[in-house]
Structure formats: C-alpha cells, structure tokens
Amino acid sequence: MSLPITPTHQRPSASLLDMHRLPVRALQLSAEPITLRDLFRVLWVKLHALPPHTHAVPRSLLEGLRRFFIYRHRSLYRLRYFVRRALRDPRCNALVATTITPPVDSDLGDAVRSAYPDLRQVIVVPSLAALDPEATNTYLGTVAAQVFAPHFADGHRIGLGGGRAIVAFAKALPQFTTARRLHFYALTRFRGPLVFVADAEKAISELIVDCRWRQFDGAEEKDFEGVLNPRVTKGQELDWAFIGIGALADNSWREYADELVFDFSAAQKAGAVAEVLFHFFSPDGAPPARPIVAPLGFETARLSVLREMVRLGRPVVALAGGKEKAIAVLAAYRSRRAGGALFNCLVTDEDCAAELLRRAENPRQFADVPRRAVWWERKHRFFAAHLKYATPTRKTNADIAAVLKAPRKKVQRWLKEAAEGTGDEPPLVSFTVRAPSPEYALELALIQRYDLLDARVVPFYADTAEQLVQVGLAAAQLFCELVRDRDRFCVGLGSGYEVRAMVECLALPETLQRFERLKHLEFWALSESPILTLSQGVGAQTIVSSIALRCGTSAVRSKVRCYRFDPHRNFEGLDAMFFTLRAPYPDDLKFLRAAGLACGDPAAAVGYLLNQQFDARGEALLPDGVACSAPLTALRALTAQSKPVIALNARCDAVTHHARALRVACMCQLVNGLVVPRPLAETLLQPTPP
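Take a look at the structure:
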C-alpha cells in the first residue's frame, strides 16, 4: 500500500470522494466507435504522412497511426476501414482549418499600374464572379494581408475603413505579421441600432478577439489595440491605411437602404457612383452635383486624412473587386483632381483590372498582357482548390471537372499542385489540424517529446477530489480502449489514489458488458503492503480484491480473474500496467523504515512508485525482491516489448517535483504512457533543466 501515513496536505483527500456516485462517472466513458480523440489523431497523422488532398489510405498512413498503442492490435484491413470511416465523419470539417492564398497576376498588375501612374502597387487576384462571387472579398482581404502585413513593425498605427474585404483583411492579418504591438484606428463607425454593417469597429473587434481569445497553439501573444474615434484621426498619425471602395451599383446598397435610412434613388439621381468612407463621388471624381445625405448613424474620418497620408508617401491601400467596381475605383482615382489622391495602392481582381485597362486614358486590351496561358493554369489551380476546400458543400473531383469544364485528371493535378506547390511556385493551400482542446494538443506533444505509446491530459481543477476523479476517468477510458479489440487481456494494477479512482470510475462489472469480444480478463496486484495496517484502501491488494468481489457475483465472473501479488510471477507476461508515480514525500522514508525496508541513499530519490524509490538514472534504491512489488526491471521489459506501462498522477502540488519524477521515468524507459493534469503536462514539455 502506498503512503498509509502521508500527511493530509501531501496526498489527495479520499474522504472527499463520494464513492456512491463515482460509478456514475462510467456514463462519461465513450463507447463511440470513433471518438473525437480518434478523429484528431487520424487527421494529425494524415497531414504529416501524405498530402492532404489524397483520398487513398496507404500503408504509410496506417503505420503512422500505429504509433498509438490502441490501434496496434487491429489488422491492416480493420485499421484501413476505421480510417476511411473517420475521414468521412462530418466532424472532420471542423477539425481541419484550410487556408487558401490566391495567386497574384503580377503582369496584369504591372499593366494597370502603368496605365494609372499615381498607383505605386497593384495586386490582382483571380476573379470568382462565375464560381463564387461572395468569396471575392475574402480573397482580396487575404492577399492584402499576405502582401502588406509582413511589412508592419512594432508600434505601427494602421487605419481601417469598412466593408467585407476589410473585415477579411483584419481576420487574416495575425497569421502574416510578426509585429507584436500594433495600433488600429477606425476610419468608419456605425452607431445605428441594428448591428449588420461591416464597419471598421467590427473589423478591429474581430482582430482583437482573434489575437486575444483564439490563440491555443502556443503562439506569442500579440498586443493589438483599437481606437474607435474616426472624427479625430489625423493623417500624420497613421503609418498605413486600408479602405474599401463601394459602388452604388452594388446590390448591398439597395438591400440595406431602409436600415441605413439612406435615399438610394436620390443618390443615383445626383450622379453618385462610388463611395469612400461614406463620402460619395460622381464618375469624374468630383462630389455629386446635389448634396447627398449620408446614411444615418455613421461616423467617418475626413478624406483629408487619406490625402495627407498619400502626400506623405505612406501606403493607402484600396480593396475592390468585380467588374461593376471598376467605375467606382476609377471615380475614386479621378478625385485626385479635387484635392489630391485618396489611395496609392490597389488590391483587385482580374475582372476589375481588365475593365480599368479598357477605361484608361490610353486603353489596353486584356489580351495584350503577357503570359496569359501561364496565368490561366495558375488561376484554374486556385479555382480547383477553392471548389474543393472552401465552398459550403465540398465537391468531388468529378463535380469540379464539370464546373471548370476540364478533364478529371487535370483537376487531380491542379489539386496536387495547389497543395504541394510546383517547382517555382509555393503551395496555394495550407492545412492545420485544430486541436479540439489544449489538452489534446498537449497529449500529442508529450507522445512526440518522450516517444510514448499514449498520453492523456485532463483539465486542471482546483478541487483536489475532482482532479483525482478526472485523472481516474481518463485512465478508465484508456483502459477501455486497450481492452476493446482484445480476446484476452492481462493487466497489472499498482497502488495509489489515482488507481483507486480509475477502478471506481470503471464501474465494474457493468462496463465489461460493452466488450463482447473479450473472453478472459486478468487483474494482477503489482505490490503488497509491507505492513499490516489498512487505513486508506488504496493498496494494490485492496483494489484487486474490490474488483474480485464486484465481478464474482455477476454474469462476467467466468471471464474475470484477480490475483494477489506474487513476487515469483512473470510480470513480463502482462499486457499492460497502471500505477501511481509521483515525487517522493518526506514521510516516505519513515514509512519504508517502519516496514523494515532500508533505502540506500534517501537523498538520491527523485520518484516513488510501487513501494519503491528511484534515482535520477531510473535505478531502484531498494534491491529487487525487497520492496514487495514488481521490480523495475519488469517495467523496463514491458516498455521494451512496446506494451503500455501507464503512470498516473493527479497531484498539482509541487508540480515541478512531480514532473521531474515523471520525466526521469519516461526517459529511463520505466513508463511509456501518462495520465496527468494539464499543469503537469505543461511542465513536462518545458525545456529540461540542466
């Protein structure tokens, strides 16, 4: 038995556990054929083993999945069937984040820039008008972030206008900038009662939320701040500005005219064709002949803010796409005659760019732009990726081939090149598996860091009893997954509060009814108490006796066998072990001496398991056969055979010391699996102290 005389503040308080309610926790054990953890791990292995666009399930994927012990006893046929079912699960769509970065037509951009000399940079992306016009703004914002955000520096002040493209830019910005401290200034703000307008306030709000609340991947925290007072913003205060150009021909103006209390017909009759920051322009760039009453509830910066920035040589980037936006872009460009240019950079799509070329003072034909055949190939690669990964209803390759009027083999090649890149072009698509929780991500990190067969991490609970139950529940879930595909299973149980919690959460014998394939199950005690005092009921003998009593009067008694500790047993024949592993406590030495077990050098102890202390090399401080427990050599033999040896620890006091004990046990091949709370997992993943 472990620690019968350990002080209360150094051990979980068993008296706080409601033993009558613990079996109800078995209802939380998942009996799903494919759990959320399964989906996460299958997707993680898939994206590391082969290109994500591949639908085949090759042997390399199955072998990669077998690094997790729970999949090793399935045949290749059954494992391949399991993976195919997992990849068809609709939950996969939520677990995989797909980022598509559109290609840039630099030749068309150069042609537009030469036709409009006040523009110093023009970015042109493919037009989605025929496929998915609603996605145009998303890609305009994404490519603007990709091109300009890497140039942001700490302390830069960035003005943002309104519109869906600006919101898309704000959402994409964090992944493309390394700056950690940025200030954003709203150039528009809607104060109306109905929240529906994509103004700068909402763009900045989403940006702050993304950086503050959605960073679960360990990325450095970014200190972004928003200023929401457009009327006091000055041009010399800003380093960058990003604005949208609206066209009154856009249907959204008609759709929201009533909510905005805006006389759309009067604006058109006055000759307005464009708006920038809700200032209106006629086709020649001048204000409309008759004054237009601005939409109700808007606050906006003065146009002098943009003109001053352009005059100072600072980037003012306009985003607008679609053929119908060309007239609006041209009107805003021509407004330079009435006070100065409003923007000096443009992000648009090829339809708008081609129309701008046609309407330039020295018109050029779109066909005259060089390398059209190369661009056709690049944009269709992008179209295939968009239809495959970014539409609400995912399309098959045959569907994509029908939409693009291209052979299916060509679509397959486009998807392959979009995901992997070509010789001289980077990939257009990147995939990231979202961890359903930080604990799932920590599990994978522990498995990789210490080459474990499995790891389970549970959230932290300030309530010691609840923390103990959660670790026990996670260990019980792991036990069920180990037993699920087996005909026979032989498991060794050590002592400790965590093991007792695990057995109580298993709610034997009822849980065993789930495993119809299981014909024979053995429980072996891995240690016995060297003293004859029973005070806590967490010794290995006591735990195994509880299982025997509960299963002995049920229908499963013929398949369950429980054995007392026997030092002459062949522990290397076990299929798995579960036991508590922790840092030494001050009373351990007193306990061992009271039992007549003399340690070699108590000061050298870094960990404690199965009545035994071990040092920094993973060597026992008691000779084999003296500690009344399975020897550490048996643990190493099982890890060498790649059998699960699972250490449990629910202690969140003295985390550093417990983490050191677990780290030594992992590195010295005493264990190859962990069930721990989040603080312990995070400490285990910190750099190893010298």
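Counting from 1, position 567 in the sequence shown corresponds to residue 567 in full-length UniProt numbering; the numbering is continuous, with no gaps.
We put the CB at the ideal spot given by N, CA and C, even for glycine.
Based on Cα-Cα distance, which residue from Thr432, Phe190 and Ser106 lies nearest to Leu296? Phe190
* Touch check for the segment 333-343 and the segment 361-375: three-plus C-beta pairs under 8 Å? -> no
**Asked** Going by C-alpha distance, which of Thr233, Val112, Ala115 and Val104 is nearest Gly141?
**Response** Val104
Practice prompt. Report yes if the CB atom of Ala418 is closer than 8 Å to the CB atom of Ala390, and no otherwise.
Written response: no
- Message: So, with DSSP's three-state summary, where would you put Arg41?
- Response: helix
request  = Identify whether Thr511 lies in helix, strand or coil by the three-state DSSP scheme.
outcome  = helix
Checklist entry - Residues in its own chain within less than 7 Å of Phe224 by CB, not counting five upstream and five downstream? => result Leu182, Phe184, Leu207, Ile208 and Cys211
(request) Compute the Euclidean distance between the alpha carbons of Leu521 and Leu506, then round it to the nearest angstrom. (result) 14 Å
(request) Pick out whichever of Thr233, Ala200, Thr177 and Asp250 has its Cα sitting closest to the Cα of Lys222. (result) Thr177
Sort Val556, Val276, Val655 and Ala172 by Cα distance to Ala97 and report the nearest one. Ala172
| Tell me the DSSP bridge mates of Ser430? | Thr99
Which residues in the same chain as Arg569 place their Cβ atom closer than 6 Å to its Cβ, once the five residues preceding and following it in sequence are excluded?
none
Secondary structure at Ala354, three-state DSSP: helix, strand or coil? helix
If we count the other Cβ atoms within 10 Å of its Cβ and call it buried at 16 or more, is Arg378 buried or exposed? buried
*Closest residue to Gln669 among Ala681, Pro677, Gln641 and Arg651 (Cα-Cα distance)*: Gln641
### Query
With Val538 and Gly496 assumed to form a contact (beta carbons below 8 Å), what rounded beta-carbon distance in angstroms separates them?
6 Å
**Request:** Tell me whether His9 is buried or exposed, calling it buried when 16 or more other Cβ atoms sit within 10 Å of its Cβ.
**Result:** Caution applies to His9, whose pLDDT of 39 falls short of 50 and renders its modelled position unreliable; the model cannot decide the point.
- Task: May I ask which residues mark the beginning and end of the beta strand (DSSP E) holding Ile245?
- Result: Trp240 to Ala247
| field | CB-CB length for Gly161 against Thr188, believed under 8 Å | value | 6 Å
- Cβ of Leu609 within 8 Å of Cβ of Phe579? yes
Nearest by alpha-carbon distance to Val143: which of Leu632, Gln467 and Val429 is it? Val429
Among the candidates Arg651, Ile327 and Gly235, whose CA atom is the shortest distance from the CA of Pro315? Gly235
Query - Separation of Arg394 from His380, as counted between CA atoms - result: 17 Å
Self-check item: Among Asn229, Thr396, Arg307 and Pro679, nearest to Ala462 - alpha-carbon criterion
Solution: Pro679
Quick check for students: name the residue ranges of the alpha helix (DSSP H) that lie wholly in the segment 359-424, counting only runs of 4 or more. 372-389, 397-404 and 408-420
- Query: Between the segment 305-313 and the segment 322-330, do at least 3 Cβ pairs fall closer than 8 Å?
  - Reply: no
Three or more C-beta pairs under 8 Å: does that hold for the segment 430-447 against the segment 640-658?
no
- Task: Return yes when at least one heavy atom of the ligand NAD lies under 7 Å from the C-beta of Val538, else no.
- Result: The ligand NAD is absent from the structure shown, which contains no ligand whatsoever.
*Going by Cα to Cα distance, which pick from Gly313, Ala274, Ala286 and Ala170 is closest to Phe242?*
Ala170
Quiz item: What runs of the alpha helix (DSSP H), each 4 residues or longer, lie entirely inside the segment 433-469?
Solution: 438-450
- prompt: Hey, out of Pro58, Asn229, Glu504 and Leu79, whose CA is closest to Asp38's CA?
  reply: Leu79
Inter-stretch contact at 8 Å, needing at least 3 Cβ pairs: the segment 672-688 / the segment 449-456 | yes
* Asked: Are His369 and Asp107 touching if we call contact CB-CB under 8 Å?
  -> Looking at the sequence provided, one finds Val at residue 369 rather than His. Against a cut-off of 8 Å, the Cβ pair of Asp107 and Val369 comes out as a contact.
Margin query: I'd like to know whether the C-beta atoms of Asp487 and Arg517 end up nearer to each other than 8 Å.
Written below: yes
Point to revise | Per DSSP, cross-strand counterpart(s) of Ser629 | key: Ser527
task: Give the DSSP-derived three-state secondary structure of His48 in the structure shown.
output: helix
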